[in-house]
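The structure appears below as structure tokens.
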Amino acid sequence: MTTLSNLTTDQSALLAFKARVVDYQSVLTNIWSISYPICTWIGISCGSRHQRVTALNLSDIGLGGTIPPHLGNLTFLVSLDVAHNNFHGHLPNELGQLRRLRFIRFGFNK
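In terms of my numbering, the sequence shown is residues 297 to 406.
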């Protein structure tokens, strides 16, 4: 039961992210859906033990806008790569809550 609620938390955070960014090439449009298991979504890696999102690799896929604060809810996230997109603005303070985060790549955005 805990695993289901954890996946729901991660899924909610990622769906909120998807709703707030511009997906110029519609990469996330159909794949990031409640119709598919979260660990099969493009750019997502999950830990084998808890099936929580541990890596988000969305580099160079044509996303834009600002980085929404909802990523701060991915509490098992170790790696975040959104380089080579069209993001702009400040990084949300909520990313500071990610205690497991070890790798961040935001280069080559606006």
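Note that the Cβ used here is the ideal one computed from N, Cα and C, for glycine as well.
Here residue 343 carries a coil assignment [DSSP, helix/strand/coil].
Straight-line measurement puts the Cα of residue 315 at about 12 angstroms from the Cα of residue 326. Taking residue 391 as reference, the option from 371, 305 and 330 with the minimal CA-CA separation is 371. Pairing residue 361 with residue 317 gives a Cβ-Cβ distance under 7 angstroms.
Taking the Cβ atoms as the reference, residue 359 lies roughly 4 angstroms from residue 381, within the contact range of under 8 angstroms.
When the Cα atoms are used, residue 387 and residue 364 turn out to be separated by approximately 8 angstroms. Annotated three-state conformation of residue 379 is coil, per DSSP. Take residue 385, set aside five residues on each side of it, and the residues of its chain with a beta-carbon closer than 7 angstroms to its own are 362, in chain order. Cβ neighbours of residue 353 within its own chain (closer than 6 angstroms, five residues either side excluded): 339 and 377.
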